[in-house]
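Numbering (the working numbering), first residue to last: 17 to 175.
Note that the Cβ used here is the ideal one computed from N, Cα and C, for glycine as well.
Worksheet: the structure to be examined is printed underneath.
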Amino acid sequence: MQAGWSIRKASVEDVDELIRLRLALHRTTRGVEKLEDEESLVEANRRYFARALPAGQFHAWVAVAEGRVVACSGLVPFERPPMPGNAVGLEAYIINMYTEPGWRGRGIARALFTELVRFARELGVGRLLLHATPDGRPLYESMGFKPNPTAMEWTLWPE
C-alpha cells in the first residue's frame with residue numbers, strides 16, 4: 017500500500033466499478049456530462065466484462081483508496097502472425113486507463129501501468145499498443161512508448 021492506496025487485480029466482482037470508470041473516461045475525453053446511448057453502453061460493457069474477465073480475454077487492475085476503487089487499467093491480449101519486431105506474434109492493447117481527478121498526481125496511474133506491463137511480460141507479449149489522451153501521453157512516453165504515425169482507424173459501427 018502506498019500513500020493510502022493499493023493496487024490489485026480486478027475480478028468479476030469489480031465489473032460495476034470498471035464500467036463506472038470506463039464511462040467517466042469516455043465522458044472526459046468527449047467533454048460531455050452524459051454519453052449518447054449511455055444505458056446501452058452500460059449493459060454492453062457489463063456483458064463484455066462478465067464474459068472477458070473470466071475467460072482471460074481482458075485483464076484489469078484497480079487502485080483502491082479509502083475503501084473504494086479510484087482508478088483502473090486494462091489489457092486485451094491478442095495474437096497475430098509473427099512479424100519483424102514481434103517474432104512471437106502475441107500483442108496486447110492497453111485500455112481503460114483512468115484515475116479519478118481527485119486521486120491524480122499520486123503515482124497511481126504509473127503503478128497500475130507498471131503492474132500491467134509486468135503482467136504482459138509474464139504472458140510473453142511482444143508488443144503493447146494504446147491510444148493516449150493528452151493527459152496520459154507523458155506517462156506513456158516516460159515508460160518508453162513512441163508515437164506510431166502509420167496507424168489508421170475506421171469505425172464500422174454503427175452505420
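- Of the candidates E82, P97, V78, V78 places its Cα closest to the Cα of C88.
- At least 8 Å separates the beta-carbon of N61 from that of R84.
- Contact between R126 and L155 holds, with the beta-carbon distance rounding to 6 Å and staying under 8 Å.
- In this model, A103 and P97 are separated by some 8 Å (Cα to Cα).
- Contact between the region 21–37 and the region 111–124 is present: three or more C-beta pairs spanning the two stretches fall below 8 Å.
- DSSP places E59 in the uninterrupted alpha helix (DSSP H) bounded by 54–71.
- Along the region 111–150, the alpha helix (DSSP H) occurs as fully enclosed runs of 4 or more residues at 124–139, listed in sequence order.
- Scanning L145, S158, E157 for the CA closest to the CA of A167 turns up L145.
- The beta carbon of I35 sits closer than 8 Å to those of V58, N61, R62, F65, all from its chain and outside the five residues before and after it, given in chain order.
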